[in-house]
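Q:
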Amino acid sequence: MITRRAFLAAAAAAAAPAALQATPGAMSEAIRALTGGAPAPRGRVKLDVPELIENGNSVVLGVTVESPMTEIDHVRAIHVFAPLNPLPNMISVYLGPRAGRARFTTRVRVADSQTLVALAQLSDGSFWSDQVSVVVTLAACTEEVK
Amino acid sequence: MARAIVKVPARARRGEIIELRAIVAHVMETGFRRTETGALVPRDIIRQMVCRYNGVEVFRADFHPAVAANPLIVFTTLATESGRIEFRWTGDNGFAAAESAQITVE
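If you read the sequences in order, they're chains A and B. Count the first sequence with my numbering and you get residues 1 to 146, in order. Count the second sequence with my numbering and you get residues 1001 to 1106, in order.
1) Run through DSSP, which three-state label would Val145 of chain A get?
2) With 16 other CB atoms within 10 Å as the buried threshold, where does Ile72 of chain A fall?
3) Report yes if the CB atom of Ala1025 of chain B is closer than 8 angstroms to the CB atom of Ala1002 of chain B, and no otherwise.
4) Give the interface partners of Gly100 of chain A over in chain B, defined as CB-CB distance under 7 angstroms, in chain order.
5) Restricting to Cα atoms, I'd like to know which of A:Val136, A:Thr142 and A:Ala118 is closest to Val45 of chain A.
6) Tell me which same chain residues have a C-beta within less than 7 angstroms of the C-beta of Ile1073 of chain B, skipping the five on either side of it?
7) Compute the beta-carbon to beta-carbon distance between Val1041 of chain B and Arg1034 of chain B, rounded to the nearest angstrom, for a pair I have assumed lies under 8 angstroms.
8) So the beta strand (DSSP E) Leu138 of chain A belongs to, where does it begin and stop?
9) Quick one: any contact between the stretch 1052 to 1060 of chain B and the stretch 96 to 112 of chain A, if contact means 3 or more CB pairs under 8 angstroms?
10) Name the two residues that bound the continuous beta strand (DSSP E) containing Phe1063 of chain B.
11) Is Phe1063 of chain B near Ala1004 of chain B, with beta carbons less than 8 angstroms apart?
12) Does the beta carbon of Ile31 of chain A come closer than 8 angstroms to any beta carbon on chain B?
13) Taking DSSP's pairing of strands, which residues face Asn89 of chain A in a bridge?
14) For Val1067 of chain B, which residues of its own chain have a beta-carbon under 8 angstroms away from its beta-carbon, when the five flanking residues on both sides are left out?
15) Helix, strand or coil for Ile76 of chain A, going by three-state DSSP, please let me know.
16) By the 10 Å Cβ neighbour count, where 16 or more other Cβ atoms means buried, how is Thr1076 of chain B classified, buried or exposed?
17) Only counting the same chain, and skipping five residues up and downstream in sequence, which positions put a Cβ closer than 8 angstroms to that of Gly100 of chain A?
18) Identify the contact partners of Ile91 of chain A in chain B, using a Cβ-Cβ distance below 8 angstroms as the criterion.
19) State the start and end residues of the unbroken beta strand (DSSP E) segment that holds Met1028 of chain B.
20) Using a Cβ cut-off of 8 angstroms (strictly closer), state whether Arg5 of chain A contacts chain B.
21) Using a C-beta to C-beta distance shorter than 8 angstroms, which residues of chain A count as neighbours of Val1027 of chain B?
Here it is as structure tokens:
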């Protein structure tokens, strides 16, 4: 038998993680702040992340952008977003023609099954993106501290 | 000073694209976690990593709480001249770390 008190406690616990997600519009707002509303079609960017993540606490994530990386045509910045993490911004990197290649790899935390987005800003002012839907078994970011 | 490890090739040909790896020991506490008693654990993360090649910035990364503990970053740069490649990390609570490596370009 479930008492009213136990039910309320369970309901509060179930509702708590939702409060720790960014609001649905937070990622779009963060992207709009960078692009100023300019379109960011899919293409030229490759977001490399496993589709099935067993442990969201450390996920190898890489982004590669097709670019000659010359003085007149290069990638200025690459941003990665997770709409259902407590904060949608994951990492931003700034590079230039001296990078040789528009590519980086890091390790990130993924809080929930969601669609991760990579956004690249090119020297000509255009934006390109890629997205990958991931399934997370063990969520990160908000777990209890032992 | 926090423990940091960087990997830079010791020698490279001029114009070659070389891979740089940098990792630093840090908890990257998200600021969203709670203890058993419900107290919020304050955020403590590295905010930025900057890589300079003979004093010129060639790569910069802004970290958010979504970057995993002991942040690793792998990227590339053009081997332009012999000298020193330096990595600097700065973060919350006055965190600062630096590590550098020598490269010979021929």
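Ideal placement from N, C-alpha and C gives every residue a C-beta, glycine not left out.
A: Walking through what the data contain:
1) Position 145 of the first sequence holds residue 145 of chain A. Strand at Val145 of chain A.
2) Position 72 of the first sequence, counting from 1, holds the residue named residue 72 of chain A. Label assigned to Ile72 of chain A: exposed.
3) As a first step, residue 1025 of chain B must be located in the second sequence, where it is residue number 25. As a first step, residue 1002 of chain B must be located in the second sequence, where it is residue number 2. Cβ atoms of Ala1025 of chain B and Ala1002 of chain B: closer than 8 angstroms.
4) Indexing the first sequence from 1 puts residue 100 of chain A at position 100. Near Gly100 of chain A (Cβ distances below 7 angstroms), the residues of chain B are Ile1017, Thr1076, Thr1077 and Leu1078.
5) Working through the first sequence from its first residue, we reach residue 45 of chain A at position 45. Checking every option, the nearest Cα to that of Val45 of chain A belongs to A:Ala118.
6) On the second sequence, residue 1073 of chain B is found 73 positions in, with the first residue counted as 1. Hits under 7 angstroms: Ala1022, Met1049 and Ala1061.
7) To locate residue 1041 of chain B, count along the second sequence from 1; it is residue 41. To locate residue 1034 of chain B, count along the second sequence from 1; it is residue 34. Contact holds; Cβ gap of about 7 angstroms.
8) Translated into the one-based positions of the first sequence, residue 138 of chain A becomes position 138. Leu138 of chain A -> beta strand (DSSP E) spans Phe127 to Leu138.
9) yes
10) If you number the second sequence from 1, residue 1063 of chain B lands on position 63. It spans Val1056 to Phe1063 - the beta strand (DSSP E) in which Phe1063 of chain B sits, taken as one unbroken run.
11) Numbered from 1 along the second sequence, position 63 holds the residue referred to as residue 1063 of chain B. Numbered from 1 along the second sequence, position 4 holds the residue referred to as residue 1004 of chain B. Contact: no.
12) Working through the first sequence from its first residue, we reach residue 31 of chain A at position 31. No, no contact with chain B.
13) As a working mapping, residue 89 of chain A is identified with position 89 in the first sequence. For Asn89 of chain A, which the question treats as bridged, DSSP gives the partners A:Phe81.
14) The residue you call residue 1067 of chain B lines up with position 67 of the second sequence. For Val1067 of chain B, where only same-chain residues beyond five positions count, the Cβ hits under 8 angstroms are Met1028, Ile1045 and Ile1046.
15) The count along the first sequence starts at 1 and reaches residue 76 of chain A at position 76. The identity of residue 76 of chain A in the sequence shown is Arg, whereas the question assumes Ile. Here Arg76 of chain A sits in strand by DSSP.
16) Taking the first residue of the second sequence as position 1, residue 1076 of chain B is located at position 76. Buried is the call here.
17) Here residue 100 of chain A refers to the residue found at position 100 of the first sequence. Cβ within range, chain order: Met69.
18) Here residue 91 of chain A refers to the residue found at position 91 when the first sequence is read from its first residue. Per Cβ cutoff of 8 angstroms: Ala1061, Asp1062, Phe1063, His1064, Ala1066 and Val1067.
19) By 1-based counting over the second sequence, the position of residue 1028 of chain B is 28. Premise fails: Met1028 of chain B is in no beta strand (DSSP E) and is neither H nor E.
20) Translated into the one-based positions of the first sequence, residue 5 of chain A becomes position 5. Closer than 8 angstroms: no.
21) Position 27 of the second sequence, counting from 1, holds the residue named residue 1027 of chain B. Those do not exist, as Val1027 of chain B stays about 11 angstroms from chain A at its closest Cβ, beyond 8 angstroms.
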